[in-house]
Ligand SMILES: Cc1cc2nc3c(=O)[nH]c(=O)nc-3n(C[C@H](O)[C@H](O)[C@H](O)COP(=O)(O)OP(=O)(O)OC[C@H]3O[C@@H](n4cnc5c(N)ncnc54)[C@H](O)[C@@H]3O)c2cc1C
């Protein structure tokens, strides 16, 4: 059994490790020439961590993860704490601590575990095609590779998805630009073991710890992206967060523009067809979500485990295995996309009255409603059945 995986992001690498675990001959092809992920960090929620543990990376993941003991919401204007609560009830309910992890380190961990020398860098796939006995991928340099299965983990602008669906799709701008990076932990912004989120005017500023005494930070700026994406990032942030609390301005002061990313947030309506014969999509190629519940990457890791189980359970029948993978994943992943979209709308003042009500709820929150919501996102994957 030979599998070709297109894309060495967190989805493709998780899939490569998962398939290698059951003895599948795997080959990973990645268009970039080196490991340079866009974005600073991600929160790997407990469902994602369980997948990484399952892939044999429990110790490495824990070593890279930030420790979040508490979560808080802070009034973005006044700096007053709206609510603060322990993460422990969440950990108790789902049986695993979540870990915010720097992206480059997560990526390096996955690549090192799989074997860096087994990844074909600088190989851009330009076409993929199913066939009766094998699927074939064609690369920009004119070479081709055939395999029993081809897994398109080629991200949000996936060519594989276009092939599987029979045409291109249009992604939707979710209404905000996310500005993110890493800074040293700074208690002028938030406590070292807290996920602190400032909210006001339908915008967010957030810091959470990753390993090595650093905060992963992000700002959400609502509006037309054209005025936000270019120019001096500190000026842009000062303008959009004028009058915000001192902690927010401290963050703007200490961030390094050279390592700060600006990402227009888009998503895609869920779809159920993930497979065409021997070709399947995985990760953002299959479910491109806003990051509002921090589940896009976790969902990609869940895909990887589900794909392993589907191939394990249908030996010698690739077609049945891929359909079983699709059936196991499409509803769950689509549900997470829609959950994120709903949260995105509330957080970013799609209807300002709804957002004002949410701020009111945050002021009365003891943590239980928020934790219930997060647990609802975490449960439902292959390793966290409801
Ligand atoms: C601002 C932001 C914050 C986020 N925060 C979180 C979070 O907290 N938690 C979470 O779980 N998720 C989060 N996500 C989502 C997460 O980043 C994605 O879901 C995840 O990166 C998807 O992984 P992937 O491997 O499917 O795709 P990608 O990471 O996009 O990887 C795709 C890979 O395929 C390669 N590729 C593409 N086309 C080709 C081709 N034609 N040929 C060869 N190679 C190709 C690309 O170069 C890339 O390396 C966030 C996303 C954003 C934008």
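Residue numbers (the working numbering): 2 to 387.
Glycine included, each C-beta is placed from N, C-alpha and C at the ideal position.
| Item | Value |
| --- | --- |
| What I want to know is whether the C-beta of residue 18 ends up closer than 7 Å to one or more non-hydrogen atoms of ligand 1. | no |
| From the DSSP output, which residues share a beta bridge with residue 174? | 267 |
| Can you tell me whether residue 117 is buried or exposed, with buried defined as 16 or more other CB within 10 angstroms of its CB? | exposed |
| Check whether the region 237 to 251 touches the region 155 to 169, taking contact to mean three or more Cβ pairs, one atom from each stretch, closer than 8 Å. | no |
| So, helix, strand or coil for residue 1, using DSSP? | Outside the shown range of the chain (2 to 387) lies residue 1, about which nothing can therefore be said. |
| Taking the alpha-carbon positions, what's the residue 170 to residue 293 distance? | 22 Å |
| So what's residue 103 in DSSP terms, helix, strand or just coil? | strand |
| Do you know whose CA, among 375, 9, 311 and 281, lies nearest residue 131's CA? | 281 |
| According to DSSP, is residue 79 part of a helix, a strand, or is it coil? | coil |
| Bridge partners of residue 3, per DSSP? | 26 |
| Go to residue 207, then tell me how far its beta strand (DSSP E) extends in each direction, as first and last residue. | 204 to 211 |
| Would you say the beta carbon of residue 30 comes nearer than 7 Å to a heavy atom of ligand 1? | yes |
| Helix or strand or just coil, what does DSSP make of residue 200? | strand |
| Using a Cβ-based criterion (distance less than 7 Å to any ligand heavy atom), does residue 169 qualify as near ligand 1? | no |
| Among 264, 270 and 236, which one has its Cα closest to the Cα of residue 252? | 236 |
| Identify every residue that forms a DSSP beta bridge with residue 72. | 86 and 196 |
| Taking 7 Å as the line, does the beta carbon of residue 390 fall inside it for any heavy atom of ligand 1? | What is shown of the chain runs 2 to 387, which leaves residue 390 out entirely. |
| State buried or exposed for residue 174, treating a residue as buried only when at least 16 other CB atoms are found within 10 Å of its CB. | exposed |
| Is the separation between the beta-carbon of residue 309 and that of residue 19 shorter than 8 Å? | yes |
| Check whether the Cβ of residue 63 lies closer than 8 Å to any Cβ atom in chain C. | This model lacks chain C altogether; it includes just one protein chain. |
| Check whether the Cβ atoms of residue 217 and residue 101 sit closer than 8 Å, and answer yes or no. | yes |
| Give a single yes or no on whether residue 292 has its beta carbon closer than 7 Å to a heavy atom of ligand 1. | yes |
| Taking 7 Å as the cut-off, is the beta-carbon of residue 45 closer than that to any non-hydrogen atom of ligand 1? | yes |
| Please confirm whether residue 337 and residue 378 have their CB atoms less than 8 Å apart. | yes |
| When you compare only the Cα positions, how much space is there between residue 328 and residue 149? | 20 Å |
| Considering only their Cβ atoms, is the gap separating residue 180 from residue 191 smaller than 8 Å? | no |
| Hey, could you find the ends of the alpha helix (DSSP H) residue 335 is sitting in? | 319 to 348 |
| Is residue 160 near ligand 1, judged by its Cβ being under 7 Å from some heavy atom? | yes |
| Quick check on DSSP: helix, strand or coil for residue 130? | strand |
| On the three-state DSSP scale, how would you describe residue 353? | helix |
| Locate the beta strand (DSSP E) running through residue 145, then write down its first and last residues. | 145 to 148 |
| Evaluate the contact criterion for the region 310 to 317 versus the region 347 to 360: three or more CB pairs, one atom per stretch, below 8 Å. | no |
| Tell me whether residue 295 counts as near ligand 1, meaning its Cβ is closer than 7 Å to at least one heavy atom of that ligand. | yes |
| Please classify residue 222: does DSSP put it in a helix, a strand, or coil? | strand |
| May I ask you to report which of helix, strand or coil DSSP gives residue 311? | helix |
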